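**Student:** For the sequence shown, position 612 (counting from the first letter as 1) is numbered 612 according to our numbering, and the numbering increases by one without interruption. Right, I'll just put the structure down here and ask away after.
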Amino acid sequence: MPAPASVIELVERFARNLDAYKRPDYKETRVRVEFVDPFFEALGWDVRNVQGYAEQYKDVVHEDAVKVGGVVRAPDYCFRVGGARKFFLEVKKPAVSIKEDVGPAYQLRRYAWSAKLPLSILTDFEEFAVYDCRRRPQSGDKVGVGRVMYLTFDQYPERFDEIHAVFARESVLRGSFDRYAEETTGKRGTSEVDAEFLKEIEGWRDVLARVVALRNPALSVHELNFAVQRTIDRIIFLRICEDRGVEEYGRLLALTGGPHIYPRLHDLYRQAEEKYNSGIFDFEADGLTMSLTIDDKVLKPILANLYYPHSPYEFSVLPADILGQVYEQFLGKVIRLTPAHRAVVEEKPEVKKAGGVYYTPTYIVDYIVRQTVGRLVEGKTPRQIAGTRGRAPLRILDPACGSGSFLLGAYQYLLDYHRQWYEEHDPAKHAQGKRPVLYQGPQGDWRLTTAEKKRILLDHIYGVDLDRQAVEVTKLSLLLEVLEGESDESIGQQLSFFQERALPNLDDNIKCGNSLIGPDYFAGQLMPDEEELRRVNPFDWEAEFPEAMGAGGFDAVIGNPPYIRIQTMKAWAPAEVEFYKRDYRAASKGNYDIYVVFVERGLQLLNERGRLGFILPHKFFNAQYGAPLRELIAEGRHLVEIIHFGDQQVFDGATTYTCLLFLDKADRDRFRFVEAHDLEGWRAGGEAIEGEVKAGKVTEKEWNFVVGPGAALFERLSEMPVRLGDVARIFQGLVTGADKVFILEQVESLDSELTKVRDSNGTELVLERGILKPFIKGMTVSTFSRPEWQHRIIFPYNLRDNQATLISSREMAKLYPRTWEYLKGNAKILRDRERGKWDHAQWYAFGRSQNLTEMEDFKLIVQVISLFGRYAYDNTGLYFTGGGNGPYYGVRWHKTDDPHSLHYLQAILGSPVLDFYLYQVSSPFRGGYWSYGKRFIEQLPIRTINFSDPADAARHERMVALVEQMLALHQKLAAATVPADRTLYQRQIEATDRRIDALVYELYGLTEEEIVIVENA
């Protein structure tokens, strides 16, 4: 787009007075007001908040110019969308050379890298530089490191479209900024702040653990973990306070200038306790850390590396959620002591089994908080929220709080809500009196007093976690949030006014314990094992939260409960697995996952007005183990809202299929169901298919909710009387228990008796052809193409009268001596299957005997994980293996004399109609794939033929003829070598495919509107 007149006027005015503007006495403030502000207003940003938005929703935040150690500790501007930071803008006066001066570039990159922003801008209006800020800033970096765009003011008119396409407000809203950031990322050398800071504090833990264990040999493993964690927490807390201007800058660094660092560090701790009164520095409760010995050579580099020029971190802009993400990963490991009292850091067993720790993205936290806390406070005054006239205050609980991300989100929401309410209701009045709740910041903006922030935190926020270290981190994060936006001066003023210390003690709000197990777990044991008692850590809700439980429970239960299958839990907590089965209805069936127990517990902890909001796997919608929880929710009519993410991946680095589940304690007539199968679209503007579902439709049976245009069609198809499972046999493939022994790659057929094959080690063998069956492996079958096999399976069975009998060892040695020698060479592998279960005379049999007789007959071979239905016709006796997720299943009519042709079944199964139906009932997999496993395809509605009706019988014959024609065409296409022939056959295939689909639509009675729905599914 062409530059607007306002931008051209700015450029012309700047050019006319360039010499004056470049003089040293032309200040940065004037550049901002006279040029930068109007320039970004031309890009659509409400720089001066003309719209009058509340603080948390302003487009542009002019950061306080907090000077710490003589250096400003915040960027000049922060540009936001919906309250979320997008980029920083740092402004210098034109006398500074943006192109050549290293200092401003390094400063900007430190800000943006610490805030985890991909791009940010440095300008003096004369020059305009965009930096990729994902690379860790190094003090020796040249000025051009990370610079991806550089313009001078005279280029603005001709290149305004480039700037507008990325940095205009409407471009940011459309996602152009994010796409540009992704396209311009310099992958080489990039390392984001959370990964680097995690590496940093993990290094601290390693060295502190080793030295503390060595210097303090009487410490137990629990004391060692506590001491190391508490030391790290205290250092981080004080260092963040320095950069925020709450503590004097450089106090920790000053300790490195002399000996005996640890005792002098304790002097700072005692001062902090006097000032803050937070549990982090409570030496009455902590009788351990004061007596420790920690070497100067360990502490000195830790402290020194937190400051310029060694440190790239700018803690004043480090977001709370980034700190939470770092700690969430950090808490996935624990210190263990060897018999020689040496410290070793290792992953916790539950984390190792789960493949790591995954932090809930902030946008998910925000949505859950809005739909729970937001709905509960909507339209209420602060006094009503706080509880009046015998009514309890609003109480919010995370029963598995981890590093505190959900509690931070809830607390921030309450802070924003209270500040906005006070601002809209005579703010000057609320800044007066004995207990003012507001005060004005340096730029005239209204802020909550520290006392009010403390009150909100203590009245409303509660958390529990099994991990003691997680509890301490949650407290740390919440306390830092209390100090957000404060300075040493503002805290000092408020302390002198209120005569109380700055921070609350959270010991009564954030507690350590097992949310799922009460004190009755050890009933009957006079002296429970101390280690077991510490590990299980029973939690008595009535005793620990008497006021909340006395009032009926909590108003909101939110969070991301653990996802742990009982098969995994049995390795370290078998007794707990049985306890959950016995004490929780949700855990009473099958191989449950622990998150279903958290849902049941969450409902129990809600009061009658309460609402639960969790992110969790949607597997329980369809899994057998989910039936008891589905029944529990259905009976209570608890459903309020479900956001179903399908195959979209919410967690970075993990493949987990999730949903957002919202439940009310009170019963509901209907609930909102949202299919958010485009995660980015949903994030950007709620783009999704949604509708309401009546509570009466929810039962313990599998949850297959369909909303939007296809709902009525799905309902009608669901009412059809015949399912595939009623008329067809669906069978899985063979289970050998040792595929690497039994399955061989085909090399060549030598004669009618022998064939050359290759084993899993690449060794070529010549074996008897009579015992080798054609086998498909690792190939994607197609509905109308003949499966091409490239492997053989050793099949040591005789088939007779629909029975499979293991060939005796004597007969094997006589008829198939080569194969027998090969099997004997692998006897150890075969005998060791299932921990030695096969160490007997039939050691060469398959691991399971099911379906041995199924492979020779005509059948359809189903691709289990597929983008769409693939049902290949096999009349050659192909063999395959398979199980729950494939790779293949077999399908044939139940009755051998069924008048329906297998080709007829093949056509309707592979049609868009039944794919549409399957998408509503199946499990999604990332990349758009679906499961065509038995438990899903057996539900498919089958349109059977009434053979006594000539018209219906004719449809059957017509369909069979079309399928046979299609199979023949695919064979011709595969054999064609001339491009013109291939084009000819391809066109015929497409035409025949349309005729098959049209006939299926006719059979199922689809309207034109319904045809559009299934073809766009």
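Beta carbons are placed, not taken as given, at the ideal position from N, Cα and C, and that holds for glycine. On a predicted model such as this, the values are computed, not experimentally measured, just so you know.
Quick check on R955: does DSSP put it in helix, strand or coil?
**Tutor:** By one-based count along the sequence shown, residue 955 stands at place 955. Of the three classes helix, strand and coil, the one that applies to R955 here is helix, per DSSP.
**Student:** Considering only DSSP beta bridges, list what T29 is partnered with.
**Tutor:** Here residue 29 corresponds to residue number 29 of the sequence shown, with the count starting at 1. The partner list for T29 (beta bridge, DSSP) is empty, contrary to what the question assumes.
**Student:** Taking the DSSP output, what are the residues bridged to A845?
**Tutor:** As a position in the sequence shown, residue 845 is number 845, starting the count at 1. According to DSSP, A845 bridges with nothing at all.
**Student:** Mind checking F283: buried by the 16 CB within 10 Å criterion, or exposed?
**Tutor:** Taking the sequence shown and counting its residues from 1, one reaches residue 283 at position 283. Exposed, by the Cβ-count rule.
**Student:** What residue range does the beta strand (DSSP E) around K756 cover?
**Tutor:** For the purposes of this step, residue 756 is taken as the residue at position 756 of the sequence shown. Taken as a continuous stretch (DSSP letters only), the beta strand (DSSP E) holding K756 covers 754-758.
**Student:** Excluding the 5 residues preceding and the 5 following R848 in the sequence, name in chain order all residues of the same chain whose CB lies nearer than 7 Å to its CB.
**Tutor:** Translated into the one-based positions of the sequence shown, residue 848 becomes position 848. The answer, listed in chain order, is V735.
**Student:** Considering only the alpha carbon of each residue, which of G404, R244, N505, G685 lies closest to E489?
**Tutor:** For this step, residue 489 is matched to residue 489 along the sequence shown. Cα-wise, what sits closest to E489 is R244.
**Student:** Applying the 10 Å Cβ sphere with the 16-neighbour rule, what's the burial state of M290?
**Tutor:** Residue mapping note: residue 290 aligns to position 290 of the sequence shown, counting from 1. Counting Cβ neighbours within 10 Å, M290 comes out exposed, since fewer than 16 surround it.
**Student:** Counting Cβ pairs closer than 8 Å, one from the segment 472-483 and one from the segment 499-516, do we hit at least three?
**Tutor:** The segment 472-483 is in contact with the segment 499-516.
**Student:** Please look up how many angstroms separate the CB atoms of V781 and I861, rounded, as I've assumed it's under 8 Å.
**Tutor:** Here residue 781 is taken as the residue at index 781 of the sequence shown, counted from 1. Here residue 861 is taken as the residue at index 861 of the sequence shown, counted from 1. Right, their Cβ atoms sit about 5 Å apart.
**Student:** Beta-carbon within less than 6 Å of G733's beta-carbon, same chain only, minus the 5 sequence neighbours each way: which residues are those?
**Tutor:** Taking the first residue of the sequence shown as position 1, residue 733 is located at position 733. Contacts found: F880, T881, G882, Y888.
**Student:** Determine the contact status of L89 and P104, defining contact as a CB-CB distance below 8 Å.
**Tutor:** In the sequence shown, residue 89 corresponds to position 89, counting from 1. In the sequence shown, residue 104 corresponds to position 104, counting from 1. Against a cut-off of 8 Å, the Cβ pair of P104 and L89 comes out as no contact.
**Student:** Closest to R342 by CA distance: which of H460, W820, P817, N216 is it?
**Tutor:** Position 342 of the sequence shown, counted from the start, is the residue given in the question as residue 342. When each option's Cα is compared against that of R342, the closest is N216.
**Student:** Judging by CA-CA distance, which residue of E834, F545, R239, C512 is the nearest neighbour of R534?
**Tutor:** Counting from one through the sequence shown, the residue named residue 534 turns up at place 534. Looking at the Cα atoms, C512 is the closest of the given residues.
**Student:** Might you give, ordered along the chain, the residues of its own chain that have their beta carbon closer than 7 Å to the beta carbon of G485, omitting 5 neighbours on each side?
**Tutor:** Residue 485 sits at position 485 when you count from the first residue of the sequence shown. R447.
**Student:** How big is the Cα-Cα spacing for A209 and V246?
**Tutor:** Against the sequence shown, residue 209 aligns to sequence position 209. Against the sequence shown, residue 246 aligns to sequence position 246. Rounded to whole angstroms, A209 to V246 spans 30 Å at the Cα level.
**Student:** What are the start and end residues of the beta strand (DSSP E) that includes S931?
**Tutor:** For the purposes of this step, residue 931 is taken as the residue at position 931 of the sequence shown. Segment 929-931, the beta strand (DSSP E) holding S931.
**Student:** How long is the line joining the alpha carbons of L632 and A586, rounded to whole angstroms?
**Tutor:** The residue you call residue 632 lines up with position 632 of the sequence shown. The residue you call residue 586 lines up with position 586 of the sequence shown. The alpha-carbon atoms of L632 and A586 are separated by roughly 8 Å.
**Student:** W682 lies in the alpha helix (DSSP H); which residues open and close that run?
**Tutor:** Taking the first residue of the sequence shown as position 1, residue 682 is located at position 682. Start and end: 679-685.
**Student:** DSSP three-state call for Y358: helix, strand or coil?
**Tutor:** Numbered from 1 along the sequence shown, position 358 holds the residue referred to as residue 358. Residue state, collapsed to three classes: coil.
**Student:** Residues bridged to K773 by DSSP?
**Tutor:** Position 773 of the sequence shown, counted from the first residue, corresponds to residue 773. K773 is bridged to I793.
**Student:** When you compare only the Cα positions, how much space is there between E202 and F330?
**Tutor:** Taking the first residue of the sequence shown as 1, we reach residue 202 at position 202. Taking the first residue of the sequence shown as 1, we reach residue 330 at position 330. Cα to Cα, the separation comes out at about 7 Å.
**Student:** Closer than 7 Å: is that where the CB of A548 sits relative to any heavy atom of the ligand MN?
**Tutor:** Although the ligand MN was asked about, the structure shown includes no ligands whatsoever.
**Student:** Would you decide whether F858 is buried or exposed? Buried here means 16 or more other CB atoms lie within 10 Å of its CB.
**Tutor:** Looking up residue 858 in the sequence shown gives position 858. Answer is exposed; the Cβ neighbour count stays below 16.
**Student:** Please classify N560: is it buried, with 16 or more other beta-carbons within 10 angstroms of its beta-carbon, or exposed?
**Tutor:** Indexing the sequence shown from 1 puts residue 560 at position 560. Buried, since its Cβ has 16 or more Cβ neighbours within 10 Å.
**Student:** With which residues is M855 paired in a DSSP beta bridge?
**Tutor:** The residue you call residue 855 lines up with position 855 of the sequence shown. Answer is none; M855 lacks a bridge partner.
**Student:** Alpha carbons only, please: which of V317, A320, A254, K275 is nearest the one belonging to Y307?
**Tutor:** Here residue 307 is taken as the residue at index 307 of the sequence shown, counted from 1. Minimum Cα distance to Y307 is reached at A254.
**Student:** Which residues in the same chain as D832 place their Cβ atom closer than 6 Å to its Cβ, once the five residues preceding and following it in sequence are excluded?
**Tutor:** If you number the sequence shown from 1, residue 832 lands on position 832. Same-chain partners within the cutoff: there are none.
**Student:** Check for me: the beta strand (DSSP E) holding M149 runs from which residue to which?
**Tutor:** By 1-based counting over the sequence shown, the position of residue 149 is 149. 147-152 is the extent of the beta strand (DSSP E) around M149.
**Student:** Tell me whether S749 sits in a helix, a strand or coil according to DSSP, three-state version.
**Tutor:** Residue mapping note: residue 749 aligns to position 749 of the sequence shown, counting from 1. Three-state result, S749: strand.
**Student:** Quick check: the Cα distance between K777 and T763, rounded to an integer number of angstroms?
**Tutor:** For the purposes of this step, residue 777 is taken as residue 777 along the sequence shown, with counting starting at 1. For the purposes of this step, residue 763 is taken as residue 763 along the sequence shown, with counting starting at 1. Whole-angstrom Cα-Cα distance: 18 Å.
**Student:** When you compare only the Cα positions, how much space is there between V693 and F705?
**Tutor:** For the purposes of this step, residue 693 is taken as residue 693 along the sequence shown, with counting starting at 1. For the purposes of this step, residue 705 is taken as residue 705 along the sequence shown, with counting starting at 1. Looking at the two C-alpha atoms, the distance is approximately 8 Å.
**Student:** I need the boundaries of the beta strand (DSSP E) containing Y77, first residue and last residue.
**Tutor:** Taking the sequence shown and counting its residues from 1, one reaches residue 77 at position 77. Where Y77 is concerned, the enclosing beta strand (DSSP E) stretches over 77-81.
**Student:** Which whole-angstrom value is the C-beta distance of I232 and W204, which I expect to be below 8 Å?
**Tutor:** Here the question's residue 232 lines up with position 232 in the sequence shown. Here the question's residue 204 lines up with position 204 in the sequence shown. With a Cβ gap of about 6 Å, I232 and W204 count as contacting.
**Student:** Could you please give me the residues that DSSP links to H310 through a beta bridge?
**Tutor:** Indexing the sequence shown from 1 puts residue 310 at position 310. In DSSP, H310 forms no bridge with anything.
**Student:** According to DSSP, is F554 part of a helix, a strand, or is it coil?
**Tutor:** Position 554 of the sequence shown, counted from the first residue, corresponds to residue 554. In this structure, F554 counts as strand in the three-state DSSP scheme.
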